[in-house]
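Asker: The letter at position 258 of the sequence shown is residue 367 when you use this note's numbering, and the numbering goes up by one with no holes.
Positions of the beta carbon are idealized from the N, C-alpha and C atoms, including for glycine.
Sharing a structure here in structure tokens format.
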Amino acid sequence: ARATRRCAALARTPHLRADFHEALSARASRPAGVVDGTMTGYDGPIKNQDLLNLREYVTADTGSLNKADSTVLLMVTHSNLKARFMEIRFDRYMTVARVKEKLMTHVGSNVSTMRLSLKDWDGALVAPMTDDSKMLGYFSPEDGWTIHIDDTDAHSASAGGWLEDVSKVKKYEMSDEKYNARENTYRQWKNEQLAKDPTWCLEKAMAERRGETWVPKQTIEDDEHQSLEASAIVDQVGNRCEVNPGGKRGVVMFVGKVEGLPKGWWVGVQFDEPVGKNDGAVKGKRYFTCADGYGSFQRPANVKVGDYPEEDDPFAESEDEI
């Protein structure tokens, strides 16, 4: 990361580029594969020496990552926040009151309503930090430990998710009339394309752009489409299932036909993770209830009912995979 930042600074700062070229000229007489008298294992023509010089320049220790002996890097958690603040620098000579003042700029809680506690790497309580006059070093914190903040103010700015839940923020909404009056919008462009070609759709346009022949999806006219597959699931509501492709796991919540979707049978699934598209309702009609983003309607052929327990970490690597 340090090398990346230095390369970026080199690219956009003229005097750094000049310093770099000056350094190259000064080191041009060094033997290939040797930096400050130490063999690098990379011997070759002069262009490789340039690479060595560049590597030495961008990876040089500037001291920016150094910290004083009294500095400690601590994590911070908050009773009202899901966010976890990583490696905030504190000085062991700071009083607890000063620590609270610094934390206020990160979490928004008032100093007078903070109750701090220090936890170790495993989350075990080391000590409550109740005395504002004591120094942080009194608790002997180590790098990687956590300061947990309990906010006792029921009206705190962080209470109720107001600092993290964007759904609580009123969004700007534009009426269809105002949107239609605007120029150069997607809707206007779409209507222009449909006027030229009534069969136009975005998929067709993208296929033509790739030089492919677009084949429209076949419209399902059979009202009993996949009824056989659905018959094996119709009495499995409430049981665990897996949806493929994707291997997404959840619970069968509904089996039947859905108004507003193509004809045939559908299976309503509540996923374990927010990988769905709805909350169990389609165009205002509710078929089951779940949190928004966890619900989905799948064709019965895509759903398998069985022993599919909820995964602790759906992104964890399997022991059977390399």
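Taking a contact to mean a Cβ-Cβ separation below 8 angstroms, would you say LEU234 touches PHE199 in this structure?
Answerer: no
Asker: What distance in whole Å lies between the Cβ atoms of GLN297 and VAL352, which are believed to be in contact at a cut-off of 8 angstroms?
Answerer: Going by Cβ atoms, the distance from VAL352 to GLN297 rounds to 37 angstroms, so no, they are not a contact pair.
Asker: In whole angstroms, what is the alpha-carbon distance linking GLU420 and ASN219?
Answerer: 39 angstroms
Asker: Under the three-state reduction of DSSP, which class applies to GLN302: helix, strand or coil?
Answerer: The three-state reading of DSSP puts GLN302 in helix, counting H, G and I together.
Asker: On the DSSP bridge list, what partners appear for LYS228?
Answerer: DSSP links LYS228 through a beta bridge to LEU234 and THR255.
Asker: In its own chain, which residues sit with a C-beta less than 6 angstroms from the C-beta of GLY385, not counting the 5 before and 5 after it?
Answerer: GLY402, TYR403, GLY404 and SER405
Asker: Under the DSSP definition of a beta bridge, which residues are partnered with GLY197?
Answerer: Residue identity differs from the one stated: residue 197 is Ile in this sequence, not Gly. When beta bridges are read from the DSSP output, ILE197 appears opposite LEU183.
Asker: Using alpha carbons as the reference points, say which of VAL185, TRP309 and ALA236 lies closest to THR255.
Answerer: VAL185
Asker: To the nearest angstrom, how far is it from the Cα of LEU160 to the Cα of PHE194?
Answerer: For the pair LEU160 and PHE194, the Cα-to-Cα distance works out to about 38 angstroms.
Asker: Using C-beta distances below 6 angstroms, list every residue in its chain close to THR398, excluding the 5 sequence neighbours before and after it, in chain order.
Answerer: GLY389
Asker: Does the Cβ of ASP429 have 16 or more other Cβ atoms within 10 Å, making it buried, or fewer, making it exposed?
Answerer: Here the model assigns ASP429 a pLDDT of 44, short of 50, so the residue's position is not dependable, and the following value carries that caveat. It is exposed - the Cβ of ASP429 has fewer than 16 other Cβ atoms within 10 Å.
Asker: Checking 8 angstroms against the spacing of the C-beta atoms, do ASP260 and SER267 come in under that value?
Answerer: yes
Asker: Span of the alpha helix (DSSP H) holding MET213?
Answerer: Its alpha helix (DSSP H) spans residues 205-216.
Asker: Output needed for LEU210: all residues of its chain with C-beta closer than 7 angstroms, excluding positions within five of it in sequence on either side, in chain order.
Answerer: Going by the sequence as given, residue 210 is Glu instead of Leu. Correct list, in chain order: VAL220.
Asker: Measuring CB atoms only, is the stretch 344-351 touching the stretch 313-324, in the sense that at least three cross pairs come out at less than 8 angstroms?
Answerer: no
Asker: Between the stretch 332-344 and the stretch 362-373, do at least 3 Cβ pairs fall closer than 8 angstroms?
Answerer: yes
Asker: Whole-angstrom Cβ separation of ILE342 and VAL376, contact assumed at under 8 angstroms?
Answerer: 6 angstroms
Asker: Do LEU272 and LEU190 come within 8 angstroms of each other at the CB atom, strictly closer than that value?
Answerer: yes
Asker: Can you tell me whether ARG318 is helix, strand or coil according to DSSP?
Answerer: helix
Asker: Determine whether the beta carbon atoms of ALA400 and TRP374 lie at a separation below 8 angstroms.
Answerer: No.
Asker: Measuring straight from C-alpha to C-alpha, what distance separates THR168 and LYS299?
Answerer: If you take the alpha carbons of THR168 and LYS299, they lie about 52 angstroms apart.
Asker: Could you check whether THR204 and SER242 sit closer than 8 angstroms to each other, using their CB atoms as the reference points?
Answerer: Yes.
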